[in-house]
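Q:
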Amino acid sequence: MTTNSQLVPLDAKNRVGGSLRSLFGMNTAELSEWMAAAGEPKWRGSQLAEALYRQRIVEVEGITTLSKALRQRLDREGWQVGRPRIVQVFTSVDGTERYLVHGQGLDGLTVETVWMPEGDGGEAGDGSEGPAGAAEASKVWDRATICVSSQVGCAVNCQFCLTAKLGLQRNLSVGEIAGQVVAVLDRQSVEVGKERVNLVFMGMGEPFLNYENFMGAVRLLVEEVGLSPQRMTVSTSGIVPGIERFAEEPPEIRPKLAISLNAPNDEVRSEVMPINRKWPIEAVVDAVRGVRLRSRERITFEYVLLGGVTDRPEHAAEVARLVRRTGLPAKVNLIAWNPGPGIAYTMPESGAVEGFRRALAAEGVPVYLRRPRGRDIYAACGQLKRTVEE
Ligand code: SF4
Numbered sequence: 001m002t003t004n005s006q007l008v009p010l011d012a013k014n015r016v017g018g019s020l021r022s023l024f025g026m027n028t029a030e031l032s033e034w035m036a037a038a039g040e041p042k043w044r045g046s047q048l049a050e051a052l053y054r055q056r057i058v059e060v061e062g063i064t065t066l067s068k069a070l071r072q073r074l075d076r077e078g079w080q081v082g083r084p085r086i087v088q089v090f091t092s093v094d095g096t097e098r099y100l101v102h103g104q105g106l107d108g109l110t111v112e113t114v115w116m117p118e119g120d121g122g123e124a125g126d127g128s129e130g131p132a133g134a135a136e137a138s139k140v141w142d143r144a145t146i147c148v149s150s151q152v153g154c155a156v157n158c159q160f161c162l163t164a165k166l167g168l169q170r171n172l173s174v175g176e177i178a179g180q181v182v183a184v185l186d187r188q189s190v191e192v193g194k195e196r197v198n199l200v201f202m203g204m205g206e207p208f209l210n211y212e213n214f215m216g217a218v219r220l221l222v223e224e225v226g227l228s229p230q231r232m233t234v235s236t237s238g239i240v241p242g243i244e245r246f247a248e249e250p251p252e253i254r255p256k257l258a259i260s261l262n263a264p265n266d267e268v269r270s271e272v273m274p275i276n277r278k279w280p281i282e283a284v285v286d287a288v289r290g291v292r293l294r295s296r297e298r299i300t301f302e303y304v305l306l307g308g309v310t311d312r313p314e315h316a317a318e319v320a321r322l323v324r325r326t327g328l329p330a331k332v333n334l335i336a337w338n339p340g341p342g343i344a345y346t347m348p349e350s351g352a353v354e355g356f357r358r359a360l361a362a363e364g365v366p367v368y369l370r371r372p373r374g375r376d377i378y379a380a381c382g383q384l385k386r387t388v389e390e
């Protein structure tokens, strides 16, 4: 054990876009080792983790379980809690809130996170239903979904997505991904373990192109914050090496998997999602077959209906055949495309969405409609983009 006069720097993985010294993002083991290396008792690490993730304290000064001398030392040496901060809130008429969240770096980049009281129906039928638990009487929701970002912008370039217009600006750190969740839990006064909150990693970015930090955040949220991986879903555009890695994750830590399908065949999919040229549908499905599902768990195929492009009756028949051919326990989530500036698609015609749903159901495919949430504040699927002009 060393007794440095300076606290040793933490693992660089949590340092992004500058040199802020943020504690948020480190797990108990990392904090304990760091404390020990700095000549403090190891159990100080547990106290820190408790303060950051359970008590949701945002200032070192407020961590009163630490001695005053240690708090002063942390402060003197430039350490801060460094949890991402909600800097702007847009509230939809439907109760959805979209947040601009300031990251941990000095680069000033913000990401977007969405709170959907009552969810959007996307979690139905994937094996996660259960009792809602006792919500506080004052709360107007009895379950909610938080949509989390994994990157600033995105490199995948799905043609229907507003986030794609940003390109990839950078990956988020472990603390920045998990911090969005904890900041929202805090804002909404959620009692973890008592209230039913689902997480969907479907915000800005492709989680499997920032795999280490994404899974680091999941581990932190499960082990330190106390959320269940069975209430988390990660959506991928079909990054095959990422899916293969994901298949190796232990079930006690692995979220559920959703594949952003969005087209009935390779030809159309390559047009709306150019990534399909690299990893076509069959390659993606093959990789998904490697994931050992928990009992009652299903793979979700997300399907955005684009007017005239992916929403025709013949497309529904093709999707039904495709899903059956996979042999996977699966369900389809339908999402009517949400319009965004500068994107050339149109919304499905009235009746097309319901017709599509009925056609899949008639073929015996479990199918659910995701209700558009927060469309008026650009919080709906595919609409997240750092909108500083607002
Ligand atoms: S839909 Fe998802 S993967 Fe595709 S460009 Fe948008 S953020 Fe990236």
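Be aware that the sequence shown starts at 1, since it is given in the working numbering, and climbs by one per residue.
The C-beta atom is built at its ideal place from N, Cα and C for all residues, glycine as well.
#1: If you follow the alpha helix (DSSP H) that T326 is in, where does it begin and where does it stop?
#2: Pairs of beta-carbons, one from the segment 265-275 and one from the segment 285-302, closer than 8 Å: are there three or more?
#3: Identify every run of the alpha helix (DSSP H) within the segment 342-383, keeping only runs that are complete inside it and at least 4 residues long; order them along the chain.
#4: Does DSSP put I86 in a helix, in a strand, or in coil?
#5: Cβ of P348 within 8 Å of Cβ of L305?
#6: Quick check: the Cα distance between E297 and G125, rounded to an integer number of angstroms?
#7: Using a Cβ-Cβ cutoff of less than 6 Å, which residues in the same chain neighbour A69 once the five nearest sequence positions on both sides are dropped?
#8: Please name the residue in R170, V93, W43 and V81 whose C-alpha comes closest to that of D107.
#9: So, at 7 Å on beta carbons, what are the nonlocal neighbours of R15 in its own chain, with the 5 sequence-adjacent residues on each side left out?
#10: Do A49 and I63 have their CB atoms nearer than 8 Å?
#11: Are T96 and V114 close, meaning C-beta to C-beta below 8 Å?
#12: Helix, strand or coil for M202? Go by DSSP, reduced to three states.
#13: Can you name, in chain order, every residue of its own chain whose Cβ lies under 6 Å from the Cβ of R375, other than the five neighbours on each side?
#14: Roughly how many whole angstroms lie between the Cα atoms of V174 and G351?
#15: Return yes when at least one heavy atom of ligand 1 lies under 7 Å from the C-beta of S237, else no.
#16: Please report the residue range of the alpha helix (DSSP H) in which Q180 lies.
#17: Which stretch, first to last residue, makes up the beta strand (DSSP E) that contains I299?
#18: Near V319, which residues of its chain fall below 6 Å by C-beta distance, leaving aside the five closest residues on each side in sequence?
#19: Please determine whether the Cβ atom of A164 lies at a distance below 7 Å from any heavy atom of ligand 2.
#20: What's the gap between the Cα of S67 and the Cα of Q55?
#21: For my contact list, V58 and R83 are in at a C-beta cut-off of 8 Å; report their separation, rounded to the angstrom.
#22: If we ignore side chains and look at the alpha-carbon of each, how far apart do Q104 and E176 end up?
#23: Cutting at 8 Å between CB atoms, please list the residues of its own chain near A359, excluding the five before and the five after it.
#24: Can you give me the C-alpha to C-alpha distance between E118 and V284, rounded to a whole angstrom?
#25: Among E363, D311 and R357, which residue has its Cα nearest to the Cα of Y345?
#26: When burial is assigned at 16 or more other CB atoms within 10 Å of the CB, is S237 buried or exposed?
#27: DSSP state of M232, grouped into three classes?
#28: How would you write the range of the alpha helix (DSSP H) that V268 sits in, first residue to last?
#29: A155: which of V353, G205, P255 and L369 sits nearest, CA to CA?
#30: Using the C-alpha atoms, what's the distance from R269 back to L166?
#31: Within 10 Å of its beta-carbon, does K256 have 16 or more other beta-carbons around it, so buried, or fewer, so exposed?
#32: Return the first residue and the last residue of the beta strand (DSSP E) that Q169 is part of.
#33: Would the beta-carbon of S260 be found less than 7 Å away from any heavy atom of ligand 1?
#34: Mind checking whether V192 and V234 have CB atoms under 8 Å apart?
#35: Any heavy atom of ligand 1 closer than 7 Å to the Cβ of V240?
A: To lay it out plainly:
#1: For T326, the enclosing alpha helix (DSSP H) begins and ends at P313 to T326.
#2: Verdict: no, contact absent.
#3: For the segment 342-383, whole alpha helix (DSSP H) runs of length 4 or above, ordered along the chain, are 352-362.
#4: DSSP, read as helix, strand or coil, puts I86 in strand.
#5: Contact: yes.
#6: Looking at the two C-alpha atoms, the distance is approximately 9 Å.
#7: Excluding positions up to five away in sequence, the list is empty.
#8: Closest option to D107, judged by alpha-carbon separation, among R170, V93, W43 and V81: R170.
#9: Because the pLDDT of R15 is 47, which lies under 50, any placement of that residue in the model is unreliable, and the number read from its coordinates should be weighed accordingly. Within the same chain, and ignoring the five residues on either side of R15 in sequence, no residue has its Cβ closer than 7 Å to its Cβ.
#10: By the CB criterion at 8 Å, A49 and I63 fall outside the cutoff.
#11: Between T96 and V114, the gap from beta carbon to beta carbon is short of 8 Å.
#12: Residue state, collapsed to three classes: coil.
#13: Correct list, in chain order: N338.
#14: Approximately 42 Å between the Cα atoms of the pair.
#15: Correct: S237 has its Cβ closer than 7 Å to ligand 1.
#16: Segment V174 to R187, the alpha helix (DSSP H) holding Q180.
#17: I299 to L305 is the span of the beta strand (DSSP E), which, as asked, contains I299.
#18: Answer for V319: P264, listed in chain order.
#19: Ligand 2 is not among the ligands present in this structure, which contains only ligand 1.
#20: Computed Cα separation, rounded: 17 Å.
#21: Between R83 and V58 the Cβ distance is about 6 Å, and since that is below 8 Å, they are a contact.
#22: Roughly 6 Å between the two C-alpha positions.
#23: Setting aside the 5 residues that flank it on each side, A359 is surrounded in the same chain by P313, A316, A317 and A320, each with a C-beta closer than 8 Å to its C-beta; the list follows chain order.
#24: If I take the Cα positions, the gap works out to 31 Å.
#25: Nearest C-alpha to Y345: D311.
#26: That one is buried.
#27: Correct three-state label for M232: strand.
#28: Start and end: D266 to V272.
#29: Residue G205 is the option with its Cα nearest to A155.
#30: Cα to Cα, the separation comes out at about 21 Å.
#31: Burial call: buried.
#32: Under the DSSP assignment, Q169 falls in the beta strand (DSSP E) whose first and last residues are L168 to N171.
#33: Indeed, a heavy atom of ligand 1 lies less than 7 Å from the Cβ.
#34: Not a contact, by the Cβ cut-off of 8 Å.
#35: No; taking the cut-off as 7 Å, the Cβ of V240 has no heavy atom of ligand 1 nearer than that.
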